[in-house]
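Report on the structure given below.
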Amino acid sequence: MSAFKPLGGRMLTPTVIGLGALAAIGFFFLAIRFIDGMGAVTNLNGGYAWGIWVVYDVVVGTAFACGGYALAITVYVLNKGQYHPLVRPALLASLLGYALGGFGAFFDMGRWWQFYNILLPWNWNFNSVMLEVGLCVVAYIVVLAIEFSPAFLERLGLRDVQRKLNKLLFLFIAIGVLLPTMHQSSLGSLLIAMGHKVNPLWQAMELMPLLAIITAVTMGFSIVLFEASMVTVGFKRPSESHLLSGLSRAITGLILVYLVIRFAELLVRGKLGLVFAFDFASLMFWIETALFVVPLVVLSSPAKRSSGRALLIAAVSMLFAGALWRFNAYLITFNPGPGYSYFPSVPEIMVTVGIVAFEVLAYIVIVRMLPVLHDAKHA
Amino acid sequence: MKRRDFLKVAAGASALCGMGLAEARPNLEPAPQAVGMLFDSTLCVGCKACVAACKETNGMPPVADGDIDYYDSARDLSGDTLNVIKVHRDGNASTKDAVTDGFAFEKRSCMHCVDPGCVSVCPVTAMRRDPITGIVTHHPDVCIGCRNCTVGCPYNVPQFQYDKTFGQISKCQMCNQAGVERISKGGMPACAEVCPTGATLFGSRDALLAEAKRRLTLKPGEVYNYPRGDVRNPGSHHEKPAPAYLSHVWGEREAGGTNVLHIAAVPFDKLGMPPLDERSAASVAEGVQHTLYNYLALPAIALAGLTYVVRRNTDKNDGGES
Amino acid sequence: MTNQDKFELLEQRLGISRRDFLKFCTGVAATMGLSTSEAMAMAEAVASPRKRPVVIWLHGQECTGPTESLLRGQHPSLERLILEMISLDYHQTLDAGAGHDVEIAKDASIAANKGQYLLVVEGSVPTKDGGIYCKIANKTMLEHTREAAEHAAAIVAFGSCASWGGVQSVGPNPTEAKGVGAILPGKTVVNLPGCPPNPYNFLATVMHYLTFGALPELDGEGRPKFAYGRLIHENCERRPHFDAGRFAEAFGDEGHRKGWCLYKLGCKGPETYANCPAVEFNDVGGGTWPVGVGHPCFGCAQEGIGFAKPLFSLAEVKTHTPPNTFPSIEDREGTSGMTAGAAAVTGAAVGAVVGASAVAASKLGKSEGDSSGSNQD
Numbered sequence: 057m058s059a060f061k062p063l064g065g066r067m068l069t070p071t072v073i074g075l076g077a078l079a080a081i082g083f084f085f086l087a088i089r090f091i092d093g094m095g096a097v098t099n100l101n102g103g104y105a106w107g108i109w110v111v112y113d114v115v116v117g118t119a120f121a122c123g124g125y126a127l128a129i130t131v132y133v134l135n136k137g138q139y140h141p142l143v144r145p146a147l148l149a150s151l152l153g154y155a156l157g158g159f160g161a162f163f164d165m166g167r168w169w170q171f172y173n174i175l176l177p178w179n180w181n182f183n184s185v186m187l188e189v190g191l192c193v194v195a196y197i198v199v200l201a202i203e204f205s206p207a208f209l210e211r212l213g214l215r216d217v218q219r220k221l222n223k224l225l226f227l228f229i230a231i232g233v234l235l236p237t238m239h240q241s242s243l244g245s246l247l248i249a250m251g252h253k254v255n256p257l258w259q260a261m262e263l264m265p266l267l268a269i270i271t272a273v274t275m276g277f278s279i280v281l282f283e284a285s286m287v288t289v290g291f292k293r294p295s296e297s298h299l300l301s302g303l304s305r306a307i308t309g310l311i312l313v314y315l316v317i318r319f320a321e322l323l324v325r326g327k328l329g330l331v332f333a334f335d336f337a338s339l340m341f342w343i344e345t346a347l348f349v350v351p352l353v354v355l356s357s358p359a360k361r362s363s364g365r366a367l368l369i370a371a372v373s374m375l376f377a378g379a380l381w382r383f384n385a386y387l388i389t390f391n392p393g394p395g396y397s398y399f400p401s402v403p404e405i406m407v408t409v410g411i412v413a414f415e416v417l418a419y420i421v422i423v424r425m426l427p428v429l430h431d432a433k434h435a
Numbered sequence: 305m306k307r308r309d310f311l312k313v314a315a316g317a318s319a320l321c322g323m324g325l326a327e328a329r330p331n332l333e334p335a336p337q338a339v340g341m342l343f344d345s346t347l348c349v350g351c352k353a354c355v356a357a358c359k360e361t362n363g364m365p366p367v368a369d370g371d372i373d374y375y376d377s378a379r380d381l382s383g384d385t386l387n388v389i390k391v392h393r394d395g396n397a398s399t400k401d402a403v404t405d406g407f408a409f410e411k412r413s414c415m416h417c418v419d420p421g422c423v424s425v426c427p428v429t430a431m432r433r434d435p436i437t438g439i440v441t442h443h444p445d446v447c448i449g450c451r452n453c454t455v456g457c458p459y460n461v462p463q464f465q466y467d468k469t470f471g472q473i474s475k476c477q478m479c480n481q482a483g484v485e486r487i488s489k490g491g492m493p494a495c496a497e498v499c500p501t502g503a504t505l506f507g508s509r510d511a512l513l514a515e516a517k518r519r520l521t522l523k524p525g526e527v528y529n530y531p532r533g534d535v536r537n538p539g540s541h542h543e544k545p546a547p548a549y550l551s552h553v554w555g556e557r558e559a560g561g562t563n564v565l566h567i568a569a570v571p572f573d574k575l576g577m578p579p580l581d582e583r584s585a586a587s588v589a590e591g592v593q594h595t596l597y598n599y600l601a602l603p604a605i606a607l608a609g610l611t612y613v614v615r616r617n618t619d620k621n622d623g624g625e626s
Numbered sequence: 000m001t002n003q004d005k006f007e008l009l010e011q012r013l014g015i016s017r018r019d020f021l022k023f024c025t026g027v028a029a030t031m032g033l034s035t036s037e038a039m040a041m042a043e044a045v046a047s048p049r050k051r052p053v054v055i056w057l058h059g060q061e062c063t064g065p066t067e068s069l070l071r072g073q074h075p076s077l078e079r080l081i082l083e084m085i086s087l088d089y090h091q092t093l094d095a096g097a098g099h100d101v102e103i104a105k106d107a108s109i110a111a112n113k114g115q116y117l118l119v120v121e122g123s124v125p126t127k128d129g130g131i132y133c134k135i136a137n138k139t140m141l142e143h144t145r146e147a148a149e150h151a152a153a154i155v156a157f158g159s160c161a162s163w164g165g166v167q168s169v170g171p172n173p174t175e176a177k178g179v180g181a182i183l184p185g186k187t188v189v190n191l192p193g194c195p196p197n198p199y200n201f202l203a204t205v206m207h208y209l210t211f212g213a214l215p216e217l218d219g220e221g222r223p224k225f226a227y228g229r230l231i232h233e234n235c236e237r238r239p240h241f242d243a244g245r246f247a248e249a250f251g252d253e254g255h256r257k258g259w260c261l262y263k264l265g266c267k268g269p270e271t272y273a274n275c276p277a278v279e280f281n282d283v284g285g286g287t288w289p290v291g292v293g294h295p296c297f298g299c300a301q302e303g304i305g306f307a308k309p310l311f312s313l314a315e316v317k318t319h320t321p322p323n324t325f326p327s328i329e330d331r332e333g334t335s336g337m338t339a340g341a342a343a344v345t346g347a348a349v350g351a352v353v354g355a356s357a358v359a360a361s362k363l364g365k366s367e368g369d370s371s372g373s374n375q376d
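Protein chains in written order, with the numbering used here: chain A, 57 to 435; chain B, 305 to 626; chain C, 0 to 376.
Here it is in structure tokens:
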């Protein structure tokens, strides 16, 4: 018997309707983007060719969707079976996050009708980080769908297929760990080629992939904490703090590793002066660093780690920290040259908001319909 | 596999990475028969003939400035502008090429990097460096419009047509793209051809670099016979006293060098040139990428290890059902 | 006296029809960019039966080009001008008399019209060795000019030689030739450079002086702004070819035959201030001025350019000194700042996440403090 059960319950709650409205607004502006071109909706320009659709929807969005990845490492690689109950909801969130990240990448493509060119091997440029990101993301969406498919198969009662799939699932799980490792680090490598445009406080050249993967895994653990907390509160389910506190140790450990590398890089390359310049970039650096430090403080003792409230605060802070690191590097302190400026337009933001709303909406609908959440009695 | 073993494997992989990084590739070298242009800011009189000729040759529409739509008045490169003459002003901007209270013209168009960032980052090989001429070309038939080329270009040259439903990337291809092919037919880019003062000069990269360096040795006021058109076979010359050149050929070394060289009497950062090291960012990125993904060896090893570990662990956990 | 009476008298006096006369005045006013009513004021000034203004006209080192140019003015023709409109009391080329008589007449006229006569000088003034290289009636040009200038109501230097020295002042300049202004420090000299100068710029200046009793507005080099306020380049009929990059490469080539821009052949229009393309020469129309007939402007009116700069050297393009319609280095296409709406939406989105988290955190905190568990509302 499966340990997972559909949540059931009413579908058309005010939350769902509100999220649906936001999603509808987003899709309305997306329609305009496809009819009149990107300029009609976005504030993209010659210096800022990548706006929030890339930086939020793809770069940050897929990092937020690293829950499945982080838990797969924990459960299947490090063999901590006790976290198994958290896997399925995390996989669902990852699948949704990645699917919409992939969709985001698609509608951000200036020549979307030719997207298939990236799948044709004779077009591949093996020097391109973007190629690696693109292929890995596409492949990982497929892998996530397979990893999550037992939930569908259970619901449909296809036990035979499920049993056969189970025999092969270890392979997909292994690929499902490898792929995010590759492309999440590459989302940092993308910044290397931008060279001087990336503020020196963020441009760590060869270390970019390492910093990106560490923060991505940390954000993955954090999103698991965040989702679990939200599910607890939102669906009024029993708290899973006992499981989450274990994950929080991983978070604090990874943050420490991250901070050591981050500051060592600044120290070795002689950039500490910029840290204390107290200009805009150093201000952003300190806000970002503070957000990284908050979880360390909030989760400093075992007692604190068992508090659901502290866990949530730490998780949210870490998510903001990881997101801000990406935003700072890609957009906020990104400087393509004198005279360029960018702030997303309202329609541009509404598309991203709509996508996120749709993601949350889909999550709510799916956990009510499919066996995703762990049955409390089995816990 | 125990956790310790796994960590050992991970450490080994990291060590491999570290070794590979030391082998990161150097900057690319100029193409064997690299052609380019030399823009001498001090010769430019701001007539914009090159801007007009560029639009005509490349079939680009004029860009309106606000409500004024009867002149082409592009402010910068865009999906509809491959070349634009801009001005740097200082103080009362009364004296040409003076650093204080002066003004200086600057041509913005593709620099045709020797080690082009756009070519390095393009996932689908829509940006290519011609193996013989070194011209950086664009191929919209495969382009997916991800605009990594814009982001990866130190000069923000490739520009997407955001205003079009089905836009494309636009960039200078030295008037040698299919259907124009001026250089292949023995000609030169339209901007160099029309330039009345030879401020934009066409030629091989070597000849242009030599010409640029010759100019930098001139004493201010010394009369020099400036060529026009193709530096190797000038259509005509004109004599002019040399200005006080800055001793710097932009593009000789910057980020691996460019085929389009600039010389000026005003510091290049004032003319909007980016702060570039001699090492191209593209070569660093490729070094990292090739270290991690050469022949997909590391991912393959990692996958083998992961498969083994996951298999063991899922067996113990009663199947991989998640 | 009514205007009607005045013009009847004028018709008798000048022997021209009133209609022709008004046409002339309107034409001259138009040259200066004046209105019709001001043209009528000019007409009245000339028509008024007062004493014709006295003009003393000196020649220095020159080719008599300015006078030759004036001879070719058609409205008015030279004889009308000097016989009916002004009283040309002294002019070495046109005087009927000669020798001591004209010198005596000149001195007498200057004495009789102190502070009221107009001094016109054409030709440069040699200054080396006391100015001995140009003598008339045993007096140097230097002396002639200084004497005549002392009591002149206004001084006009007609032609490039008188304005800034002209061809003699360039190159070795063995006589140390100078313009009139240079030897009359402190005096206002109206410079009408050109080689030859355009007669209508002279006529218009004189008419302005007669009409308004004052000289037209001058620029920093003493040139009337109405005639020298703009570069030839700005009014040139070939300018569109310059803007489009269509240049004649050689005399007689395709571009030259098609009337393209002559910049590459050394045209100095971009650095020469004069109204040649607007006024043209010889009243025949059809683009009769150097560039119009296919020769690059050689900058005859511009000190430091004409005779000084080689014929085929390229001009510095003065109009493109900023301010002009050049984008600055920092100008970019399609950059937009943060709008209030976008800031508000961003704030709302971030706020919603933070707010939801805060609510959840507080609920989690409460539920942990409350032993009844998490199933309460």
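Note that CB positions come from ideal geometry on N, CA and C, so glycine has one too. Note that the structure is predicted; figures quoted are calculated from it, not measured.
Exposed or buried, what is R167 of chain A when buried is set at 16 or more other beta-carbons lying within 10 Å of its beta-carbon?
buried
State the DSSP-derived secondary structure class of P531 of chain B, mapped to helix, strand or coil.
Note: P531 of chain B maps to strand in three-state DSSP.
Run through the segment 145-197 of chain C for me and flag every whole beta strand (DSSP E) of 3 or more residues, listed as ranges in chain order.
Here the runs fully enclosed are 153-157 and 188-191.
Are the CB atoms of P276 of chain C and E236 of chain C within a distance shorter than 9 angstroms?
yes
Pick out whichever of A:A79, A:V331 and A:I343 has its Cα sitting closest to the Cα of I411 of chain A.
A:A79
Taking 8 angstroms as the cut-off, does the segment 173-182 of chain C touch the segment 140-153 of chain C (at least 3 CB pairs, one atom from each stretch)?
yes
Express the C-alpha separation of P493 of chain B and L264 of chain C in angstroms, rounding to a whole number.
22 angstroms
Which residues mark the beginning and the end of the beta strand (DSSP E) in which M431 of chain B is found?
That run of the beta strand (DSSP E) goes M431 to R433.
For D431 of chain A, count neighbouring Cβ atoms within 10 angstroms of its own Cβ and tell me buried if that reaches 16, exposed if not.
exposed
Per-residue contacts from D380 of chain B into chain C (C-beta, under 8 angstroms)
P326, D330, R331 and E332
Exposed unless 16 or more other CB atoms sit within 10 angstroms - verdict on W169 of chain A
exposed
With 16 as the cutoff for other CB atoms within 10 Å, does F246 of chain C come out buried or exposed?
buried
Using the Cβ count rule (16 or more neighbours within 10 Å means buried), how would you classify H99 of chain C?
exposed
Check whether the segment 96-107 of chain A touches the segment 413-423 of chain A, counting contact only when three or more Cβ pairs, one atom from each stretch, lie closer than 8 angstroms.
Contact fails: fewer than three Cβ-Cβ distances are below 8 angstroms.
Residues in the segment 277-300 of chain A with C-beta within 7 angstroms of chain C's C-beta atoms, listed in sequence order?
S285, M286, T288, V289, K292, R293, P294 and S295
Close-in-space but distant-in-sequence residues of the same chain around K177 of chain C (CB under 7 angstroms, 5 per side omitted)
S123, V124, T126, G164 and S168
Show which residues of chain A have a CB atom less than 9 angstroms away from the CB atom of D467 of chain B.
D92, G93, M94, G95 and A96
Measure how close the beta-carbons of V349 of chain B and T501 of chain B come, nearest whole angstrom, since I'm counting them as under 8 angstroms.
6 angstroms
Closest to P603 of chain B by C-alpha separation, out of A:T389, A:V233 and A:T274, would be which residue?
The shortest C-alpha separation from P603 of chain B is found at A:V233.
Would you say S34 of chain C reaches chain A, if we count a Cβ-Cβ gap shorter than 9 angstroms as a contact?
Not one chain A Cβ lies under 9 angstroms of S34 of chain C.
Just how far apart, CA to CA, sit S361 of chain C and A207 of chain A?
32 angstroms
What would DSSP say about L426 of chain A, mapped onto helix, strand or coil?
Reduced to three states, the DSSP call for L426 of chain A is coil.
Check whether the segment 195-206 of chain C touches the segment 15-34 of chain C, taking contact to mean three or more Cβ pairs, one atom from each stretch, closer than 8 angstroms.
yes
By Cβ distance, which residues of its chain are closer than 8 angstroms to G491 of chain B, with the 5 residues on each side in sequence left out?
C479 and E497
Could you work out which residues of chain C lie near G395 of chain B, taking near to mean beta carbons separated by less than 9 angstroms?
Here the premise fails: no neighbours, minimum Cβ distance about 11 angstroms.
Quick one: grab the DSSP three-state call for K138 of chain C.
DSSP places K138 of chain C in strand when its eight states are reduced to three.
What are the residues that DSSP puts in a beta bridge with D344 of chain B?
B:I567
Would you please verify whether the beta carbon of K263 of chain C is less than 9 angstroms from any beta carbon of chain B?
True, the Cβ-Cβ gap to chain B drops below 9 angstroms.
Just to confirm, is the Cβ distance from V461 of chain B to C476 of chain B under 9 angstroms?
yes
Taking 9 angstroms as the CB-CB limit, is D445 of chain B close to chain A?
yes
State the Cα-Cα distance for the pair G117 of chain A and I279 of chain A, rounded to the nearest angstrom.
11 angstroms
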